[in-house]
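**Student:** Encoded as structure tokens, here's the structure I'll be asking about.
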Amino acid sequence: MRLSKGMSTTAACLLTLSLGTAAAGTATVYDAGLISVHVVEKKKEGNNIHVFVPGIAVPIAMKLAPDRELAKAGAKIRQHLPIIQAALEGLEECPDTVFVEVISDREYVRVEKRGGRILVDVD
Amino acid sequence: MKRKLVGVVALALIAAVAAVAQTPEKWLHVKVEDKNGNNEIVKVNVPLSLAEKVLPAINVDRVRGGKVRIETSKIHDVDFRAILDAVKNAQDGEFVTVESTKENVRVAKSGGYLLVKVKDTKSDGRSEQVDVKVPMTVVEALLSGDPNELDVLAALKALSAHGDTVLVEVTGDKETVRVWIDSKNTQA
Numbered sequence: 038m039r040l041s042k043g044m045s046t047t048a049a050c051l052l053t054l055s056l057g058t059a060a061a062g063t064a065t066v067y068d069a070g071l072i073s074v075h076v077v078e079k080k081k082e083g084n085n086i087h088v089f090v091p092g093i094a095v096p097i098a099m100k101l102a103p104d105r106e107l108a109k110a111g112a113k114i115r116q117h118l119p120i121i122q123a124a125l126e127g128l129e130e131c132p133d134t135v136f137v138e139v140i141s142d143r144e145y146v147r148v149e150k151r152g153g154r155i156l157v158d159v160d
Numbered sequence: 773m774k775r776k777l778v779g780v781v782a783l784a785l786i787a788a789v790a791a792v793a794q795t796p797e798k799w800l801h802v803k804v805e806d807k808n809g810n811n812e813i814v815k816v817n818v819p820l821s822l823a824e825k826v827l828p829a830i831n832v833d834r835v836r837g838g839k840v841r842i843e844t845s846k847i848h849d850v851d852f853r854a855i856l857d858a859v860k861n862a863q864d865g866e867f868v869t870v871e872s873t874k875e876n877v878r879v880a881k882s883g884g885y886l887l888v889k890v891k892d893t894k895s896d897g898r899s900e901q902v903d904v905k906v907p908m909t910v911v912e913a914l915l916s917g918d919p920n921e922l923d924v925l926a927a928l929k930a931l932s933a934h935g936d937t938v939l940v941e942v943t944g945d946k947e948t949v950r951v952w953i954d955s956k957n958t959q960a
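Protein sequence lines correspond, in order, to chains A and B. All the letters of the first sequence, read from the start, carry residue numbers 38 to 160 under the numbering used here. All the letters of the second sequence, read from the start, carry residue numbers 773 to 960 under the numbering used here.
Next up, the structure:
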């Protein structure tokens, strides 16, 4: 199929625009990162669910939350932000390790950092 | 010959500085074994550097910038700050000894450590022993601020600079607690 000069320019522009939009979308997704949720059911024939959510979904979901509730939560958490930030920075520099382990007849709890992730195991 | 000597001294200095710079990360470990009911074991491992980072960020109530404000250091009319100050400047020796049928208490300073030993005997015959061993450098750092505050951050830094040591050991009939510092990120 041959396109006239005007048509081909328009098509090229649209293609560039759509590619550009796709690239921008991809860039936005990767800029915001991916949230990985991995759930393993520790029982016979238990489910093994792995979900990846683009980080960009978080601010979108935040837009849907009622402003009043967000303001309340924001005010509550704001005073603790420096502590959370310091803790996260410290954790980032920490080598992989088990921070907490609770072993008893009734339960097992383990909080560890492994491969850049915080893993919480409760049995 | 002189040149060689200067070279050797310079190399030794560089090696010493490098050794200090490579001081391994210190970890605070806590292990609690409770044989009551569920036979629970709790293990906690925290790098001191993490605590050093988080502590200055806590500015709530009496905790500000790694320091804890104390209205009074008197508990049951005993001025603990004054006692620690006195211990800091004293020679090695035993400062407090209490001996009774129910309780034995011993507070001493020895080999650069503040030592506290408490043995508590219950009426049913069960007993519990508490041993606390704190490096004097940590005590001094703790008291390095204003008279009305305890410099916890300075104490943590002093603890980081200190070698491996057991800080607290509680041994009871059904419960044991151990708090110690070393360079490993796990408990053996």
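Think of the CB as a built atom: it goes at the ideal place given N, C-alpha and C, for glycine as much as any other residue.
1) Residues of the stretch 142-155 of chain A with a CB closer than 7 angstroms to any CB of chain B: list them in chain order, please.
2) By the 10 Å Cβ neighbour count, where 16 or more other Cβ atoms means buried, how is A/L52 classified, buried or exposed?
3) If you draw a straight line from the alpha carbon of A/E106 to that of A/V157, how long is it in whole angstroms?
4) How about B/G838 and B/V949: do their beta carbons lie closer than 8 angstroms?
5) So for A/C50, helix, strand or coil by DSSP?
6) Starting from B/A960, find everything on chain A with Cβ-Cβ shorter than 9 angstroms and list it in chain order.
7) Is A/M164 buried or exposed, if buried means 16 or more other CB atoms sit within 10 Å of its CB?
8) From the beta carbon of A/V76, is the nearest beta carbon of chain B less than 8 angstroms away?
9) Would you say B/S821 reaches chain A, if we count a Cβ-Cβ gap shorter than 8 angstroms as a contact?
10) By alpha-carbon positions, which one of B/N876, B/L928, B/E797, B/V942 ends up nearest to B/D903?
11) Rounded to whole angstroms, what is the Cα-Cα separation between A/D160 and A/V146?
12) Please list, in chain order, the residues of the stretch 807-838 of chain B that have any C-beta partner in chain A closer than 9 angstroms.
13) List, in order along the chain, the chain B residues whose C-beta lies closer than 7 angstroms to that of A/A123?
**Tutor:** Straight from the coordinates:
1) D142, R143
2) Taking the first residue of the first sequence as 1, we reach residue 52 of chain A at position 15. Summary for A/L52: the model assigns pLDDT 48, below 50, so the residue's position carries little reliability, and this model does not support an answer.
3) Residue 106 of chain A sits at position 69 when you count from the first residue of the first sequence. Residue 157 of chain A sits at position 120 when you count from the first residue of the first sequence. Here the alpha carbons of A/V157 and A/E106 stand approximately 28 angstroms from one another.
4) What you label residue 838 of chain B is simply residue 66 of the second sequence in a count that begins at 1. What you label residue 949 of chain B is simply residue 177 of the second sequence in a count that begins at 1. Not closer than 8 angstroms, so no.
5) The residue labelled residue 50 of chain A in the question sits at position 13 within the first sequence. Unreliable placement is indicated for A/C50, whose pLDDT of 49 sits below 50; no coordinate value is reported for it.
6) Looking up residue 960 of chain B in the second sequence gives position 188. Residues of chain A passing the Cβ test: none, with the nearest at roughly 13 angstroms.
7) Given a span of 38 to 160 for chain A in the structure shown, any question on residue 164 of chain A remains unanswerable.
8) Working through the first sequence from its first residue, we reach residue 76 of chain A at position 39. So, not an interface residue.
9) Taking the second sequence and counting its residues from 1, one reaches residue 821 of chain B at position 49. With 8 angstroms as the cut-off, B/S821 counts as an interface residue toward chain A.
10) Here the question's residue 903 of chain B lines up with position 131 in the second sequence. Out of B/N876, B/L928, B/E797, B/V942, B/V942 has the C-alpha closest to the C-alpha of B/D903.
11) Mapped onto the first sequence, residue 160 of chain A falls at position 123. Mapped onto the first sequence, residue 146 of chain A falls at position 109. Taking the straight line from one Cα to the other gives about 6 angstroms.
12) G809, N810, N811, E812, I813, V814, K815, V816, N817, V818, P819, S821, L822, A823, E824, K825, V826, L827, P828, A829, I830, N831, V832
13) Numbered from its first residue, the first sequence carries residue 123 of chain A at position 86. What A/A123 touches in chain B: K825, V826, A829.
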